[in-house]
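Per the working numbering, the very first residue in the sequence shown carries number 44; after that it's consecutive.
Where a beta carbon is used, it is the ideal one built from N, C-alpha and C, also for glycine.
Fair warning: this is a prediction, and the values are worked out from it, not measured in the lab.
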Amino acid sequence: MSTKMRLGVVYGGRSAEHEVSVVSASAVLREADSARFETVPFGVTGEGHWLTPQESQMQLKRRIAPYHNRMSADVPSLLERQDVLDELRAVDVVFPLVHGVNGEDGTLQGMLEMFGIPYAGCGVAASAVGMDKTLQKRLCDEAGLRIAKYMVVFEHEWESGRGDVIAAIERLGYPAFVKPSNGGSSVGVSKVSSREDLGEAMRLAFGIDRKAVVEETIVGREVECGVLGNELVDASPVGEVIPAGDFYDYRAKYIEDSARLIAPAELPTGAADRIRERAVAAFKAIDGEGFARVDFFLPEDGEPVLIEINTLPGFTPISMFPRLWELAGVSYSELITRIVELGLARGERDAKKDSAAATEGVANA
Ligand SMILES: Nc1ncnc2c1ncn2[C@@H]1O[C@H](COP(=O)(O)OP(=O)(O)O)[C@@H](O)[C@H]1O
Ligand SMILES: [Mg+2]
Numbered sequence: 044m045s046t047k048m049r050l051g052v053v054y055g056g057r058s059a060e061h062e063v064s065v066v067s068a069s070a071v072l073r074e075a076d077s078a079r080f081e082t083v084p085f086g087v088t089g090e091g092h093w094l095t096p097q098e099s100q101m102q103l104k105r106r107i108a109p110y111h112n113r114m115s116a117d118v119p120s121l122l123e124r125q126d127v128l129d130e131l132r133a134v135d136v137v138f139p140l141v142h143g144v145n146g147e148d149g150t151l152q153g154m155l156e157m158f159g160i161p162y163a164g165c166g167v168a169a170s171a172v173g174m175d176k177t178l179q180k181r182l183c184d185e186a187g188l189r190i191a192k193y194m195v196v197f198e199h200e201w202e203s204g205r206g207d208v209i210a211a212i213e214r215l216g217y218p219a220f221v222k223p224s225n226g227g228s229s230v231g232v233s234k235v236s237s238r239e240d241l242g243e244a245m246r247l248a249f250g251i252d253r254k255a256v257v258e259e260t261i262v263g264r265e266v267e268c269g270v271l272g273n274e275l276v277d278a279s280p281v282g283e284v285i286p287a288g289d290f291y292d293y294r295a296k297y298i299e300d301s302a303r304l305i306a307p308a309e310l311p312t313g314a315a316d317r318i319r320e321r322a323v324a325a326f327k328a329i330d331g332e333g334f335a336r337v338d339f340f341l342p343e344d345g346e347p348v349l350i351e352i353n354t355l356p357g358f359t360p361i362s363m364f365p366r367l368w369e370l371a372g373v374s375y376s377e378l379i380t381r382i383v384e385l386g387l388a389r390g391e392r393d394a395k396k397d398s399a400a401a402t403e404g405v406a407n408a
């Protein structure tokens with residue numbers, strides 16, 4: 044009998060990062076320690092429908108250039124797929140690698156909780172907050188982290204009386220960044236230099252979410268730090284992104300691949316330690332567990348400004364997060380093991396609490 048742990052890898056999904064997720068999953072399926080894990084792929088199509096491991100394998104075998112590999116299949120939704128559910132029931136732990144909607148945002152995590160399947164990465168609340176730029180800013184602000192001056196604009200406010208909103212935005216000043224609160228991959232993010240460009244920027248942001256964040260532009264170096272751990276959290280060395288264009292937009296990330304990712308970043312004395320310390324604090328502020336990448340700007344004065352927390356950072360072997368851990372001496376394969384172990388430890392801890400609560404409930408009934 045095999046004593047290997049069955050590691051389900053869920054990837055693909057509905058977001059603009061579907062293809063990146065397929066590349067990450069292919070690497071995880073290949074590099075996960077084969078002495079410990081038997082990997083079981085679960086592809087999720089661009090429509091959000093789950094495939095069986097066999098169907099997923101077939102999609103993975105298609106020889107299409109990386110980043111063009113979008114899964115699509117005429118299959119019904121998960122609820123109607125007993126075969127997928129049976130396969131899912133048979134895994135020991137899941138590594139969710141779906142970015143964005145129904146993957147990174149706490150919903151997949153919630154489903155796995157309901158099914159009683161342990162999983163890697165942040166839990167339900169931290170995933171949901173990690174996806175929502177407004178909520179994470181509030182928590183990080185309260186924890187004393189430096190954030191950009193910002194305001195939240197709801198679509199209905201913008202539609203009903205934008206005069207006051209525009210006045211408030213102009214108090215923040217141009218150029219301003221306009222983003223969907225729940226988003227990613229820079230989709231719907233604009234840098235706005237004048238009132239004339241505001242309408243289009245808001246329209247793009249509201250195409251993604253009912254809530255937009257408008258924030259002051261921070262001038263500084265764009266730096267990123269990985270965090271790893273449950274109760275005890277480690278921070279990786281710090282990396283730097285140098286976008287070729289005006290900012291790190293969708294084109295730079297996925298179409299032109301033009302940004303330079305530098306790891307480790309060459310930083311003034313003390314700056315890297317400060318970033319690492321703030322990264323852990325931000326992760327704790329959102330109640331993070333498992334792993335995340337925390338992004339900052341480092342202005343001239345040396346005190347990092349938090350930009351965002353990514354609870355499912357890019358996970359291809361050349362993505363910043365694995366590269367930063369590689370620098371810390373943790374290989375890609377070892378990183379997978381550590382992340383899965385953290386997920387299992389959390390699952391075990393919480394299962395004990397669930398059963399203790401249930402016993403208590405009976406006693407009190
Ligand atoms: N306040 C800001 N000042 C300067 N640049 C910013 C600011 N906010 C975002 N950016 C730029 O826009 C990019 C995308 O914004 P980000 O908040 O990270 O959204 P996403 O979740 O889509 O990655 C960042 O990587 C950075 O280059
Ligand atoms: Mg970002």
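Taking 7 Å as the line, does the beta carbon of residue i fall inside it for any heavy atom of ligand 2?
| i | result |
| --- | --- |
| Asp338 | yes |
| Glu369 | no |
| Glu98 | no |
| Glu200 | no |
| Glu81 | no |
Quick check: what's the CA-CA separation for residue i versus residue j?
| i | j | result |
| --- | --- | --- |
| Phe197 | Leu151 | 26 Å |
| Ala78 | Glu332 | 26 Å |
| Glu259 | Phe249 | 19 Å |
| Val75 | Gly89 | In the sequence on display, residue 75 carries Ala and not Val. Computed Cα separation, rounded: 25 Å. |
| Pro356 | Val208 | 33 Å |
| Met48 | Arg181 | 39 Å |
| Glu156 | Ala169 | 14 Å |
| Val323 | Phe220 | 25 Å |
| Tyr54 | Ile190 | 32 Å |
| Arg253 | Asp240 | 19 Å |
| Tyr293 | Asp397 | 42 Å |
| Pro119 | Arg57 | 15 Å |
| Pro161 | Gly313 | 38 Å |
| Met101 | Phe80 | 21 Å |
| Asn407 | Gly166 | 29 Å |
| Tyr297 | Ala287 | 13 Å |
| Val52 | Val87 | 10 Å |
| Ser233 | Ala244 | 6 Å |
Report yes if the C-beta of residue i is less than 7 Å from at least one heavy atom of ligand 1; otherwise report no.
| i | result |
| --- | --- |
| Ser229 | yes |
| Thr260 | yes |
| Gly288 | no |
| Tyr291 | yes |
| Glu130 | no |
| Ile350 | yes |
| Gly216 | no |
| Lys176 | yes |
| Gly226 | yes |
| Ala335 | no |
| Phe85 | no |
| Ala306 | no |
| Phe138 | no |
| Phe220 | yes |
| Glu265 | yes |
| Ala191 | yes |
| Val232 | yes |
Helix, strand or coil for residue i per DSSP?
| i | result |
| --- | --- |
| Leu188 | coil |
| Arg246 | helix |
| Ser229 | coil |
| Pro311 | coil |
| Leu410 | Because the chain here runs from 44 to 408, residue 410 falls outside it and cannot be looked at. |
| Leu94 | coil |
| Tyr54 | strand |
| Ala296 | Sequence check: residue 296 is Lys here, not Ala. Of the three classes helix, strand and coil, the one that applies to Lys296 here is helix, per DSSP. |
| Thr88 | coil |
| Ala278 | strand |
| Thr402 | helix |
| Val284 | strand |
| Lys396 | helix |
| Asp305 | Rather than Asp, the amino acid found at residue 305 in this sequence is Ile. Strand at Ile305. |
| Lys222 | strand |
Can you check which of these residues, the options, is closest to residue i by C-alpha distance?
| i | options | result |
| --- | --- | --- |
| Thr177 | Trp201, Lys222, Phe290 | Lys222 |
| Ala59 | Ala210, Gly227, Gly204, Glu202 | Gly227 |
| Val66 | Tyr193, Val141, Leu122 | Val141 |
| Gly187 | Ala171, Ile329, Arg205 | Ile329 |
| Pro280 | Lys254, Pro286, Arg366, Asp240 | Arg366 |
| Tyr193 | Glu213, Asn353, Val276 | Glu213 |
| Asp126 | Gln100, Glu147, Asp148, Pro96 | Pro96 |
| Val383 | Thr312, Val134, Val230 | Val134 |
| Leu72 | Leu122, Asn407, Arg132, Pro139 | Pro139 |
| Arg381 | Pro360, Asn112, Val195, Gly272 | Gly272 |
- [ ] Please go through the region 113 to 178 and give each complete alpha helix (DSSP H) segment of 4 or more residues, from N-terminal end onward.
- [x] 125 to 132, 150 to 158, 167 to 174
Task: Every unbroken alpha helix (DSSP H) inside the region 327 to 384 [4 residues or more] - done: 363 to 370
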